[in-house]
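Below: one structure, written as structure tokens.
Number of protein chains: 2
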Amino acid sequence: MFKKVIIAEDFEEFNLAVQQTLNDFNIVNFQHAKYCDDAFLKIRKAIQDNEPYDLLISDLSFKKDHREVKIGSGDELIQKVRELQPEIKIIAYSIEDKSARIKSLFEDAEINAFVLKGRNSIEDLKKALTIISASDQKFISHEVASILQEKGNYEIDDVDIKILKYLSDGTSQDEIIEIFKNNDIKPNSKSAVEKRLAKLKDFFKANNTIHLVSITKDMGII
Amino acid sequence: MFKKVIIAEDFEEFNLAVQQTLNDFNIVNFQHAKYCDDAFLKIRKAIQDNEPYDLLISDLSFKKDHREVKIGSGDELIQKVRELQPEIKIIAYSIEDKSARIKSLFEDAEINAFVLKGRNSIEDLKKALTIISASDQKFISHEVASILQEKGNYEIDDVDIKILKYLSDGTSQDEIIEIFKNNDIKPNSKSAVEKRLAKLKDFFKANNTIHLVSITKDMGII
DNA sequence: TATCGGATTATGGATTTCCGTAAAATACTG
DNA sequence: CAGTATTTTACGGAAATCCATAATCCGATA
């Protein structure tokens with residue numbers, strides 16, 4: 368079982384529950400941070416002191432408040448920690464159930480477990496701890512397990528997302544093309560953008576561009 | 368202080384924290400429900416037994432799962448409870464920070480306190496309990512307090528919302544007009560809908576309709 | 001009933017988006 | 001290098017939306 372754990376979680380309620388769970392596993396050496404920045408600093412410090420953490424339990428969404436932060440989301444924190452300390456085990460612990468985001472966590476940041484906050488999340492957290500401490504097996508809450516099997520959104524690339532984001536931000540297609548040209552983004556012709564939008568509308572079964580933006584917002588893609 | 372409390376909250380973590388807080392106030396007679404339906408039944412039963420609750424602490428968003436429910440959100444639960452038992456005190460306890468929703472809770476359902484889940488929510492919960500048990504004063508977490516002062520969205524009516532919802536659902540303006548005509552919704556001409564959209568875009572400072580839908584989605588209006 | 005004001009509806013032209021076709025550029029293959 | 005395939009770009013007409021103006025309806029009031 369894990370010896371030294373760090374929790375990144377802004378809500379007291381979840382912190383309390385996680386700590387209680389760790390106690391149940393007789394893990395007493397843990398710390399928590401309410402901001403991603405703090406968590407990252409602690410992890411780096413621990414490495415320097417040659418006493419690295421062997422598990423990170425991190426929330427994904429952190430509330431913004433008065434404090435200015437460098438790392439604003441758990442996704443970023445996890446990514447940076449994975450680079451800094453590749454062998455650390457990571458549990459994402461979040462209410463997030465958007466497939467795009469979870470998928471990218473497993474594929475890009477290579478998290479070891481995803482525990483969905485919900486009616487029985489503590490149970491899941493215990494399972495995750497048991498499984499990933501004993502092996503390199505992954506764990507994912509069953510409510511969202513299916514999304515890992517989903518045939519990929521691999522057809523949707525970075526440029527598509529950019530277009531969608533700009534659209535949802537009130538930018539017209541003409542303006543987007545201008546921006547793309549000024550920033551040397553590769554397909555930047557009127558018809559290329561139009562074609563991509565047509566493809567996206569087809570893919571997401573959207574009736575029109577408004578619908579498309581609405582759908583992709585709901586799915587957490589933008 | 369309150370004698371008999373019911374908590375409607377689907378997350379174990381929050382239930383635990385709230386119950387601990389009640390214990391701190393020496394409130395021992397409380398129950399909790401993970402589904403709105405259950406909470407409502409308990410409240411009704413308590414009235415019939417002549418032992419009504421004097422406080423409801425309710426979350427707003429409840430996760431959907433396999434179980435079929437009649438009351439799907441805290442907003443609905445609160446509304447129904449307020450009708451059933453007008454004198455009960457109600458604390459909304461939620462992560463929700465969309466002004467439209469909070470405002471309507473105070474104005475329509477006349478909740479007594481709104482506690483925002485966040486880094487210091489337990490502190491706020493204690494304040495709310497103290498204040499509303501002793502008087503008819505309202506409490507609202509300071510992070511969202513400002514929105515009650517906001518000049519109203521009173522310019523936006525039911526038809527506006529309908530239009531926005533249909534748009535975000537992929538319906539074209541022409542189709543919306545058709546639907547309005549078939550359902551005898553009062554302004555149902557091309558230009559009336561266009562005029563309303565122009566007004567909304569002006570109000571929300573949206574560049575175009577896509578932007579408008581995106582903004583109103585973010586604000587929780589649709 | 002006459003008239004005023006506000007809201008709704010009608011109309012038409014400018015702009016933007018939509019969508020199909022075709023040319024041009026680029027990549028890949030033998 | 002020729003030939004094929006894929007991607008990007010160009011063009012143009014159809015459709016939808018945007019926007020300003022004008023006509024019409026409808027309730028309130030004296």
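Residue numbers (the numbering used here), protein chains in the order written: chain A, 368 to 589; chain B, 368 to 589. C-beta: ideal position from N, C-alpha, C; glycine also.
Beta bridge counterpart(s) of residue i as assigned by DSSP
| i | result |
| --- | --- |
| A/Y420 | None, per the DSSP bridge assignment. |
| B/K456 | B/L422 |
| B/S506 | The sequence given here has Phe at residue 506 of chain B, not Ser. According to DSSP, which records beta bridges pairwise, B/F506 is partnered with B/A480. |
| A/F397 | A/V372 |
| A/S428 | A/S440 |
| A/S461 | A/L483 |
Residue i versus residue j - alpha carbon distance
| i | j | result |
| --- | --- | --- |
| B/K412 | A/Q387 | 34 angstroms |
| A/V385 | A/S556 | 51 angstroms |
| B/F473 | A/R434 | 29 angstroms |
| A/I514 | A/K470 | 8 angstroms |
| A/I424 | A/K437 | 19 angstroms |
| A/P419 | A/H399 | 14 angstroms |
| A/E379 | B/F392 | 18 angstroms |
| B/R468 | B/D426 | 13 angstroms |
| B/V580 | A/D536 | 10 angstroms |
| B/F547 | B/D541 | 10 angstroms |
| A/N479 | B/Y533 | 41 angstroms |
| A/K562 | B/D464 | 38 angstroms |
| A/N449 | B/R486 | Reading off the sequence shown, one finds Arg at residue 449 of chain A, where the question assumed Asn. Rounded to whole angstroms, A/R449 to B/R486 spans 26 angstroms at the Cα level. |
| A/D405 | B/K447 | 43 angstroms |
| A/N417 | A/I374 | 19 angstroms |
| B/D377 | A/L492 | 16 angstroms |
| A/S440 | A/D475 | 15 angstroms |
| B/E490 | B/L496 | 10 angstroms |
| B/I552 | B/K431 | 32 angstroms |
| B/D503 | B/L383 | 27 angstroms |
Interface flag, residue i vs chain A, CB-CB below 8 angstroms
| i | result |
| --- | --- |
| B/K584 | yes |
| B/N575 | yes |
| B/K430 | yes |
| B/H399 | no |
| B/V359 | Absent from the structure is residue 359 of chain B, since the part of chain B shown begins at 368 and ends at 589. |
| B/R486 | yes |
| B/A506 | Note that residue 506 of chain B corresponds to Phe in the displayed sequence, not to Ala. By this cut-off, B/F506 is not an interface position. |
| B/A565 | no |
| B/I489 | yes |
| B/F378 | yes |
| B/A384 | yes |
Nonlocal neighbours in the same chain, by C-beta distance under 6 angstroms from residue i, ignoring five residues either side
| i | result |
| --- | --- |
| A/E483 | Note on identity: in this sequence residue 483 of chain A is Leu, with Glu being the wrong assignment. Within the same chain, A/L483 has close Cβ partners S508, E510, V511. |
| A/N549 | none |
| B/I582 | F571, A573 |
| B/L422 | F369, V372, K456 |
| B/D585 | none |
| B/K401 | D377 |
Own chain, CB closer than 8 angstroms to residue i, minus 5 neighbours either side, in chain order
| i | result |
| --- | --- |
| A/K494 | F506 |
| A/I414 | L451, Q452 |
| A/T576 | L534, L564, K568 |
| B/K522 | A small correction: the amino acid at residue 522 of chain B is Glu; Lys does not occupy that position in the sequence shown. These residues qualify, in order along the chain: K566, F570. |
| B/F381 | D426, Y460, K484 |
| B/T394 | It should be pointed out that residue 394 of chain B corresponds to Ile in this sequence rather than to Thr. Counting only Cβ-Cβ distances below 8 angstroms, and skipping sequence neighbours, we find M368, F369, K370, V372. |
| A/P554 | V526, F547, V560, R563 |
Neighbour flag for residue i against chain B, beta carbons, 8 angstroms
| i | result |
| --- | --- |
| A/H509 | no |
| A/D536 | yes |
| A/S440 | no |
| A/A375 | no |
| A/S539 | yes |
| A/I394 | no |
| A/F571 | no |
| A/F407 | no |
| A/A501 | no |
| A/L444 | no |
| A/F381 | yes |
Cut-off 7 angstroms between Cβ atoms - residues of its own chain near residue i, not counting five sequence neighbours on either side
| i | result |
| --- | --- |
| B/S500 | M368, F369 |
| B/I528 | I588, I589 |
| B/S488 | V482 |
| A/L444 | A375, C403, A406, F407, S425, I438 |
| B/L389 | V372, F397 |
heavy atom of the ligand GTP below 7 angstroms from residue i C-beta
| i | result |
| --- | --- |
| A/H433 | Only the bare structure without any ligand can be found here, which leaves the ligand GTP out of the picture. |
(Q) Please give me, in chain order, every unbroken run of the alpha helix (DSSP H) with length at least 4 that falls completely inside the segment 518-546 of chain A. (A) Fully enclosed alpha helix (DSSP H) runs of 4 or longer: 525-535.
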